[in-house]
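Chemist: I am attaching a structure below and will ask some questions about it afterwards.
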């Protein structure tokens with residue numbers, strides 16, 4: 001497996017060794033959700049980092065995740081907040 005560069009570098013990142021440059025940053029971004037999930041830290045930051053690692057535009061998805069997370073914690077959330085984000089009061 002160590003001959004496959006991405007698997008080798010992802011394993012190094014999971015062990016705490018960071019890579020340099022753009023490739024190292026990409027590897028770190030992809031393995032960050034794996035580290036958090038392995039530690040049992042399922043929180044809003046983990047969900048957003050998984051969404052960010054997909055590479056798709058994530059602003060609207062993050063607004064919906066934030067609104068759903070706040071609603072699951074008992075906060076009153078307007079349906080518009082799923083589309084427009086948290087309103088400033």
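Residue numbers (my numbering): 1 to 89. Using N, Cα and C, we set each Cβ at its ideal position, and we do this for glycine too. Since the structure is predicted, the reported quantities are computational estimates derived from the model, not experimental observations.
Among 27, 84, 78 and 77, which one has its Cα closest to the Cα of residue 54?
Modeler: 27
Chemist: If you measure between the beta carbons of residue 83 and residue 70, is that distance less than 8 Å?
Modeler: The answer is no: Cβ separation not under 8 Å.
Chemist: Pick out the complete alpha helix (DSSP H) segments inside the stretch 63 to 87, 4 residues or longer, and give them in chain order.
Modeler: For the stretch 63 to 87, whole alpha helix (DSSP H) runs of length 4 or above, ordered along the chain, are 79 to 84.
Chemist: Note the first and the last residue of the continuous alpha helix (DSSP H) segment covering residue 58.
Modeler: Note, residue 58: premise wrong, no alpha helix (DSSP H); not H, not E.
Chemist: Looking only at its own chain, which residues have a Cβ that is under 7 Å from the Cβ of residue 48, when we skip the five neighbours before and after it?
Modeler: Listed in chain order, the non-local C-beta contacts of residue 48 below 7 Å within the same chain comprise 62 and 65, local neighbours out to five positions each way being set aside.
Chemist: Of the residues 88, 43 and 24, which one's Cα is nearest the Cα of residue 73?
Modeler: 43
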